[in-house]
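I have placed the structure first, in the form of structure tokens, so that the comments after it can refer back to it.
Protein chains: 2
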Amino acid sequence: MPQHSCDEVIIEVTENLKNYLIEKGYRKTPERFTILKEIYEYREHFDVDTFYTHLKNKKIHISKATLYNTLDILVEAGLVVKHQFGDSCAQYEPSYRLRKHSHAICIKCKKIFEFSSEELQKIIHKFEEENDFEVTNHTFVLYGICRDCKMKM
Amino acid sequence: MPQHSCDEVIIEVTENLKNYLIEKGYRKTPERFTILKEIYEYREHFDVDTFYTHLKNKKIHISKATLYNTLDILVEAGLVVKHQFGDSCAQYEPSYRLRKHSHAICIKCKKIFEFSSEELQKIIHKFEEENDFEVTNHTFVLYGICRDCKMKM
DNA sequence: ATACATGCAAACTGTTTGCACGAAG
DNA sequence: CTTCGTGCAAACAGTTTGCATGTAT
Chain A
1 MPQHSCDEVI IEVTENLKNY LIEKGYRKTP ERFTILKEIY EYREHFDVDT FYTHLKNKKI
61 HISKATLYNT LDILVEAGLV VKHQFGDSCA QYEPSYRLRK HSHAICIKCK KIFEFSSEEL
121 QKIIHKFEEE NDFEVTNHTF VLYGICRDCK MKM
Chain B
1001 MPQHSCDEVI IEVTENLKNY LIEKGYRKTP ERFTILKEIY EYREHFDVDT FYTHLKNKKI
1061 HISKATLYNT LDILVEAGLV VKHQFGDSCA QYEPSYRLRK HSHAICIKCK KIFEFSSEEL
1121 QKIIHKFEEE NDFEVTNHTF VLYGICRDCK MKM
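Chain order of the listed sequences is A and B.
Residues in the first sequence are numbered from 1 upward in steps of one, following this note's numbering.
Residues in the second sequence are numbered from 1001 upward in steps of one, following this note's numbering.
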């Protein structure tokens, strides 16, 4: 993908975060902006441990406590989505201006696949209207056996 | 709901479990059948700790280790579904012959709502066919604010 | 100058593991 | 009688918390 568009997104989300922090009266610390930038450059799913190591490799020293704290804020701000897939630890991913998608996880090889579906949005809207429930986020995960693992059986 | 139909379901799932254990060469221990029966009488979502206490109150003594072990088997056997909602601990629920449903969780009051959607099945089938992926289970969770909490704001 | 955020380590919590005993096959 | 399952406690892993230090406001 072009580096250009990636930079643009980072500028936008940085601005969004700044506004969110001001609105909430939180402080604009360098760590918070660094973490946001790194997440949007990384662009993939990650768990806290993996990301912590990733930062360490780039000589960026931020403690795990701060990482957890900041991720909570980014989720609140709607800039990051948190998923709790079956296997132990939470997974995060950037969400701003990125294609909304769902996940399918192979229970054999643990690989995560992504797919999107417009019909899903319709289901969500229907539920919102019928139940007077305001959906802010959702997780749709399919568990099963992928093509490769099916062939190995 | 009529006690009658509940008993019928318990008889069926007990038979299913027996067959599954034989097929896999696992032992038919009383604990395994007791846990299955209690889950199908309970009929609601539960986490391990809550269920452990529930059993203790009924003077049924089964250790947590056995509970975890047995739940894994029941999930394998397709008699119980495991959900990993955002908040820490895993939730389980009986699945045999019970209406397939999805969940909506209020992020304020943490209440869990259930709803079902036939369209969801279509989406799942479409994904299976397009990707040669065999779906064995799925989780669809909406997070947001329920009617009651909206009114309190 | 005054909190609030960070970093570190210790605490916590849900789950897994190791081992001795007991029961299913 | 052999092996697997259970119960218990200890271990583990991801996350949270408490406190001293540092820094945004």
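Cβ coordinates follow ideal geometry from the N, Cα and C atoms, glycine included.
The model shown is predicted, which means the values in this text are computed figures rather than measured ones.
Roughly how many whole angstroms lie between the Cα atoms of residue i and residue j?
i: A/Y42; j: B/T1136; result: 31 Å
i: A/L55; j: A/H138; result: 28 Å
i: A/F127; j: B/Y1026; result: 42 Å
i: B/H1125; j: A/G78; result: 30 Å
i: A/V141; j: A/S102; result: 6 Å
i: A/R97; j: A/K18; result: 17 Å
i: B/S1088; j: B/T1070; result: 20 Å
i: B/F1133; j: A/K152; result: 13 Å
i: B/Y1040; j: B/T1050; result: 15 Å
i: B/I1011; j: A/I123; result: 35 Å
i: B/K1111; j: B/L1120; result: 22 Å
i: A/Y20; j: A/V9; result: 16 Å
i: B/F1046; j: B/K1059; result: 18 Å
i: A/I22; j: B/C1109; result: 27 Å
i: B/A1090; j: B/N1057; result: 21 Å
i: B/G1086; j: A/G86; result: 10 Å
i: B/D1148; j: B/T1014; result: 40 Å
i: B/E1118; j: A/E129; result: 17 Å
i: A/E38; j: B/E1038; result: 48 Å
With 16 as the cutoff for other CB atoms within 10 Å, does residue i come out buried or exposed?
i: B/S1063; result: exposed
i: A/I105; result: buried
i: A/T29; result: exposed
i: B/C1061; result: Per the sequence shown, the amino acid found at residue 1061 of chain B is His instead of Cys. The residue in question, B/H1061, is exposed, as its Cβ has fewer than 16 Cβ neighbours within 10 Å.
i: B/Q1084; result: buried
i: B/T1174; result: Outside the shown range of chain B, which is 1001 to 1153, sits residue 1174 of chain B, and nothing can be said about it.
i: B/L1074; result: buried
i: B/Y1068; result: exposed
i: A/S95; result: buried
i: A/S116; result: exposed
i: B/R1032; result: buried
Between the Cα of residue i and the Cα atoms of the options, which residue gives the shortest distance?
i: B/D1072; options: B/D1087, B/Y1092 and B/K1150; result: B/Y1092
i: A/F113; options: A/M151, A/G144, A/L98 and A/V9; result: A/G144
i: B/N1016; options: B/E1118, B/T1066, B/V1080 and B/K1152; result: B/V1080
i: B/V1048; options: B/K1018, B/K1082 and B/L1021; result: B/K1082
i: A/L36; options: A/K24, A/N57, A/E23 and A/D7; result: A/D7
i: B/T1066; options: B/K1111, B/E1119, B/T1034 and B/G1086; result: B/T1034
i: B/K1150; options: A/C109, A/R147 and A/N131; result: A/N131
i: A/C146; options: A/I123, A/V13 and A/I107; result: A/I107
i: B/R1099; options: B/E1044, B/E1129 and B/K1059; result: B/E1044
i: A/K24; options: A/E38, A/T14, A/V13 and A/E76; result: A/E76
Return the bridge partner residues of residue i from the DSSP annotation.
i: A/F46; result: A/Y92
i: A/Y143; result: A/I105 and B/N1137
i: A/E114; result: A/H103
i: B/V1009; result: B/V1009 is not bridged to any residue.
i: A/V80; result: A/P94
Near-chain B residues of the segment 127-144 of chain A - C-beta to any C-beta below 9 Å: F127, E128, E130, N131, D132, F133, E134, V135, T136, N137, H138, T139, F140, V141, L142, Y143 and G144
Contact list for the segment 95-117 of chain A against chain B, Cβ threshold 9 Å: S102, A104, C106, I107, F113, F115 and S117
Chain B contacts from the segment 61-86 of chain A (Cβ-Cβ distance under 8 Å): K82, Q84, F85 and G86
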